[in-house]
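Asker:
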Amino acid sequence: MKQKLSCILLIDDDEANNFLSNLIIEEVGCAVAVNTKETAKAALNYLADSHNLSGHPNTTATPELIFLDINMPAMDGWEFLGKYRELVNGIPQKFPPVIIMMSTSGDPRDRSRACLIPEVAEFYSKPMTPEMLHSIILRYFPDK
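In the working numbering, the protein residues as written are 39 to 182.
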């Protein structure tokens, strides 16, 4: 790997899955920083800070890669995507983040729905694996 991603954002309410994903990202060595948000609302606040939309000084790394869980309480992954679209609407993004949706659900409708959303690059079943992460990095970040 030539250069690490500056930041990966994990959005998932499952602590065990976040722990495993962090271990895999660390093992693969593909990111300078990994930020984990256990709610979609916390992730939106983080992204607002990273785009300097909150009015606070920008000390938050803008993620290059986002792993988004579908099934979360309060606001699920689908609703998050709608709010994210509103958040970044009109903001020039030279390199928008690659968003990977993930779920433990075996429902093929989730995969079909994800494929219809322009912001979603791919859909994977949880848990993350080193092979999955390598494949994503090679496909979307070939120079990294």
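All C-beta atoms in this analysis are idealised placements derived from N, C-alpha and C, irrespective of residue type, glycine included. As the structure is a prediction and not an experimental result, all values here were calculated from the model.
(1) Flag this pair as touching only if the segment 122-139 and the segment 149-161 have three or more C-beta atom pairs under 8 Å; answer yes or no.
(2) What is the residue span of the alpha helix (DSSP H) that E121 lies within?
(3) To the nearest angstrom, how far is it from the Cα of K164 to the Cα of V70?
(4) Please name the residue, chosen from R151, F118, P146 and H89, that lies closest to E102 on a Cα-to-Cα basis.
(5) Is K121 near the ligand FAD, with its Cβ less than 8 Å from a heavy atom?
(6) Return the residue from the list D114, E64, L61 and V66 that minimises the CA-CA distance to K79.
(7) On the DSSP letters alone, give me the boundaries of the beta strand (DSSP E) that N73 sits inside.
(8) By how many angstroms is the C-alpha of E76 removed from the C-alpha of I63?
(9) State buried or exposed for L154, treating a residue as buried only when at least 16 other CB atoms are found within 10 Å of its CB.
(10) Please list, in chain order, all residues of the same chain as L58 whose beta carbon is under 8 Å from its beta carbon, the five residues on each side excluded.
(11) Going by DSSP, which residues form a beta bridge with S163?
(12) Please say whether L48 and V72 have beta carbons closer to each other than 9 Å?
(13) Can you tell me where the alpha helix (DSSP H) holding D87 begins and where it ends?
(14) For L154, does the three-state DSSP call read helix, strand or coil?
(15) Does the Cβ-Cβ distance between F133 and L82 come in under 9 Å?
Answerer: Looking at the atomic coordinates:
(1) yes
(2) Reading the sequence as shown, one finds Lys at residue 121 and not Glu. Counting along the chain, the alpha helix (DSSP H) containing K121 begins and ends at G115 to V126.
(3) 23 Å
(4) H89
(5) Inclusion of the ligand FAD in the displayed structure is not the case, the ligand content being empty and no account of it being possible.
(6) D114
(7) Start and end: A69 to K75.
(8) 17 Å
(9) exposed
(10) Exclusion of the five residues before and after L58 leaves P165 and M166 as the residues of its chain whose Cβ lies within less than 8 Å of its Cβ.
(11) S141
(12) yes
(13) Per DSSP, D87 belongs to the alpha helix (DSSP H) from A78 to S88.
(14) coil
(15) No. Outside cutoff.
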